[in-house]
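First residue of the sequence shown? That's 0 in the numbering used here, and the numbers climb one at a time after it. Step one of this worksheet: look at the structure below.
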Amino acid sequence: MSKSVAEKLGKGISPQQFIDGMTKNKEQFIGWSDKFEWTDESDKSFFESLNNRDDLRCLILMADWCGDVVRNIPVVFRALENSGIPIDVLIMEENLDTMDQFLTMGGRSIPVVIFADTGGAVLGQWGPRPSHVQEAMIAFKQANPDRDAADYQDNLTAARQEMGRRYGEGSGYQAVIVKELRTLLESF
Numbered sequence: 000m001s002k003s004v005a006e007k008l009g010k011g012i013s014p015q016q017f018i019d020g021m022t023k024n025k026e027q028f029i030g031w032s033d034k035f036e037w038t039d040e041s042d043k044s045f046f047e048s049l050n051n052r053d054d055l056r057c058l059i060l061m062a063d064w065c066g067d068v069v070r071n072i073p074v075v076f077r078a079l080e081n082s083g084i085p086i087d088v089l090i091m092e093e094n095l096d097t098m099d100q101f102l103t104m105g106g107r108s109i110p111v112v113i114f115a116d117t118g119g120a121v122l123g124q125w126g127p128r129p130s131h132v133q134e135a136m137i138a139f140k141q142a143n144p145d146r147d148a149a150d151y152q153d154n155l156t157a158a159r160q161e162m163g164r165r166y167g168e169g170s171g172y173q174a175v176i177v178k179e180l181r182t183l184l185e186s187f
């Protein structure tokens, strides 16, 4: 059976309400947003062209305590801000029923950006991080299935350091997210 988020459409908070309500990481979130710039005019034009469609909705499962939310969602917000696609932010802890429909490798990883049609049928999803960064976590999970293993935490720390390295120091990763979102949106 295909996934549906019909019962959540129009029930979330707006991106601005999320930012205004942040109690953690707000400065970093706004900082990453301020660093956003279009590196490819065709991407900017593509997202603006979505205004010609009224059949898309976006729901984002997230929370202000999450580092991947702080880095990645400013890009998603900025890419979609002129697209005309309505966005509902769903705070993960308040929407565990929805979160559990969108697990990553069996776990609750955020953010999850969900695109649906006006009836709530899920068309696609993105997240929790750019694919080249996520590869490090996938490799870790495959190599470390036993959470009780003596070296699990050390290996997790190493995986997180590798993910940080893959994000890089600057905002270059943001263009990767824009391309991944565009590829996803072009598929429906």
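Glycine included, every Cβ here is placed at the ideal spot set by N, Cα and C.
- Its Cα nearest to that of L184, the residue F114 stands out among G106, Q27, F114 and G66.
- Sequence-distant partners of A62 (beyond 5 residues in either direction) whose C-beta falls short of 8 Å from its own C-beta, in its chain, are V68, I90, M91, E92 and I109.
- Around the beta-carbon of T182, fewer than 16 other beta-carbon atoms lie within 10 Å, marking it exposed.
- In the DSSP assignment, V112 falls within the unbroken beta strand (DSSP E) covering V111 to D116.
- Distance from the CA of V75 to the CA of R146, rounded to the nearest whole angstrom, comes to 32 Å.
- With respect to the C-alpha of K10, the residue from T97, K140 and T38 having the closest C-alpha is T97.
- C-alpha of D33 to C-alpha of T22: approximately 19 Å in a straight line.
- Looking at the backbone, the Cα of A135 and that of I176 are separated by about 16 Å.
- The secondary-structure analysis by DSSP pairs G83 with nothing; it has no beta-bridge partner.
- Our two residues, L102 and N94, have alpha carbons roughly 13 Å apart in a direct line.
- For M61, the pairing in a beta bridge is given by DSSP as I90.
- Fully contained in the stretch 110 to 162 are the following beta strand (DSSP E) runs of length 3 or more, in chain order: 111 to 116 and 121 to 125.
- In chain order, A174 place their CB closer than 7 Å to the CB of T38, counting only its own chain and leaving out the 5 sequence neighbours on each side.
- When secondary structure is reduced to three states using DSSP, G171 falls in the coil class, being assigned neither helix nor strand.
- For S3, the beta-bridge partners assigned by DSSP are A120.
- Boundaries of the alpha helix (DSSP H) around S44: E40 to S48.
- Assigned with DSSP and collapsed to three states, R70 falls in helix.
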